[in-house]
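For reference, the structure discussed in these notes is given below.
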Amino acid sequence: MRELVIAVEKISKTYGSGESAVTAIKEATFEIYSGETVALLGPSGSGKTTLITMIGCITEPTTGKLTLNGNLMYEGGWKVNDTRQIRREKIGFIFQTHNLIPFLNVLENVTLIPQMNGIKKSEADQKAKDLLDYLGVGDKITKFPSHLSGGQSQRVAIARSLANNPKIILADEPTAALDADRALSVMQLLKKLSIEQKVAIVVVTHDERMLPLFDRILRVEDGYVQEIIQQHTAEYSQK
Ligand SMILES: Nc1ncnc2c1ncn2[C@@H]1O[C@H](COP(=O)(O)OP(=O)(O)OP(=O)(O)O)[C@@H](O)[C@H]1O
Ligand SMILES: [Mg+2]
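Mapping the sequence shown onto numbering that gives the first Met the number 0, position 176 (from 1) lands on 175, and the numbers just tick up by one.
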């Protein structure tokens, strides 16, 4: 059965105040269920990163309500004592830039959060190795981030986001640093995870070619969020 995983109700975010105030997201309302893969699509500066980081409890909303897995996260203020703990335990993040920790090697980067959450080292190591193999960087486990290419770093970051079996994966242009084939295979991997593990996946993307892989598309335009219905026309499916 599908479960409601992300509930966003009239969420807004205003940066700054007075004349310099910018309202980046304006009363967004939508729901995302387990097993769904949802794209956030929109021009630069439209509010996509603001929205996805609010869902991930990184950016504090200004108004509205956010519920994750049935737990109220935000309503007039954070409703949890430690938003970092929520992020560590419930959410996998993949950022535009990889954010790997420079003084930890690849394996240590991927196993850090599972170990902080109390997973045994041997178990965390095995899971990390499997994921790194799957993503094509299994031979890099002893390397440091500075010795990896952009695409390799991003694949390690994806492995890291998956290491803790999160029910929510949030990705801000995860494939920007990858070539077209790798980008597609990463998206297919995320799609497969969403189906097999019932993960809710939200991905910011500019890549129109990826759109057929998503169950739903939320268009972000000047801070307004609106669902668009995909047209699977004959012309499109021939491409
Ligand atoms: N920390 C901040 N302080 C002030 N304004 C900000 C801040 N972060 C974002 N903004 C503003 O909010 C608006 C939305 O920014 P956001 O980063 O969410 O857009 P985006 O859709 O992710 O853009 P891109 O596609 O370029 O990554 C922009 O006008 C931006 O300048
Ligand atoms: Mg952005």
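Just so it is clear, CB atoms sit at the ideal spot from N, CA and C, and this is done for glycine as well.
Provide the residue span of the alpha helix (DSSP H) that contains residue i, from first to last.
i       : result
Glu-122 : 120-133
Gly-149 : 149-161
Val-109 : 105-115
Asp-180 : 179-195
Lys-47  : 47-54
Report the residue from the options whose alpha carbon sits nearest the alpha carbon of residue i.
i       : options                            : result
Glu-207 : Lys-166, Ala-182, Tyr-223          : Ala-182
Ile-57  : Leu-212, Ala-176, Thr-22, Phe-94   : Phe-94
Gly-46  : Asp-214, Ala-162, Val-219, Ala-123 : Val-219
Lys-197 : Val-224, Arg-86, Ile-167           : Ile-167
Phe-92  : Phe-213, Ile-51, Asp-178           : Ile-51
Gly-34  : Ile-228, His-205, Lys-191          : Lys-191
Ser-43  : Gln-225, Thr-204, Val-79, Asp-124  : Thr-204
Tyr-32  : Met-209, Pro-211, Tyr-223, Ile-194 : Ile-194
Phe-213 : Gln-187, Arg-87, Asp-171           : Gln-187
Asp-132 : Thr-13, Gln-151, Phe-143           : Gln-151
Asn-163 : Gln-225, Gly-222, Gly-117, Phe-143 : Gly-117
Over what stretch of residues does the beta strand (DSSP E) that includes residue i continue unbroken?
i       : result
Arg-215 : 215-220
Gln-225 : 223-227
Glu-74  : 70-74
Lys-89  : Premise fails: Lys-89 lies in the alpha helix (DSSP H), 82-89, not in any beta strand (DSSP E).
Who are the near neighbours of residue i in its chain, counting only those whose CB is closer than 7 Å to its CB and skipping five residues on each side?
i       : result
Ser-11  : Thr-22, Ile-24, Lys-25, Glu-26, Pro-60, Thr-61, Thr-62, Gly-63
Ile-157 : Ile-93, Leu-134, Pro-173, Val-185
Gln-237 : Confidence at Gln-237 is low in this model, with a pLDDT of 39, below 50, so its placement is unreliable and the value that follows should be read with caution. Nothing listed; no residue qualifies.
Tyr-235 : Its pLDDT being 41, under 50, Tyr-235 is placed unreliably in this model, and the coordinates cannot settle the point.
Thr-232 : Unreliable positioning characterises Thr-232 in this predicted model, as indicated by a pLDDT of 45, which lies under 50. A coordinate reading is not provided.
Lys-89  : Leu-67, Asn-68, Pro-165, Lys-166, Ile-167
Met-115 : Arg-87
Glu-122 : none
Ser-16  : none
Can you round the beta-carbon distance between residue i and residue j to whole angstroms, since I take them to be within the 8 Å contact cut?
i       : j       : result
Val-136 : Arg-154 : 5 Å
Thr-141 : Asn-108 : Not quite, the Cβ-Cβ distance comes to about 12 Å (not below 8 Å), so this is no contact.
Arg-65  : Val-7   : Reading off the sequence, residue 65 comes out as Leu, not Arg. So it is a contact: roughly 6 Å between Cβ atoms.
Ile-200 : Ile-216 : With a Cβ gap of about 13 Å, Ile-200 and Ile-216 do not count as contacting.
Asp-124 : Leu-106 : 7 Å
Gly-55  : Leu-189 : The pair is not a contact, with the Cβ atoms about 16 Å apart (cut-off 8 Å).
Considering only heavy atoms of ligand 4, does any lie closer than 7 Å to the CB of residue i?
i       : result
Val-219 : Absent from the structure shown: ligand 4. Ligands present: ligand 1 and ligand 2.
Ignore the nearest five residues each way along the sequence and tell me which others in residue i's own chain have a CB closer than 6 Å to its CB.
i       : result
Gly-149 : Ala-176
Tyr-73  : Pro-60, Leu-65
Val-202 : Ala-38, Ala-170
Met-209 : Met-186
Val-224 : Ala-27, Leu-217
For residue i, I'd like the list of residues in its chain whose CB is within less than 8 Å of its CB, leaving aside the five on either flank, ordered along the chain.
i      : result
Gly-41 : Lys-47, Arg-218, Val-219, Glu-220
Open item on the list: Using only Cβ atoms and a threshold of 6 Å, which residues come within that distance of a heavy atom of ligand 1? Order them by chain position.
Closed with: Tyr-14, Gly-15, Val-21, Ala-23, Gly-41, Ser-43, Gly-44, Ser-45, Gly-46, Lys-47, Thr-48, Thr-49
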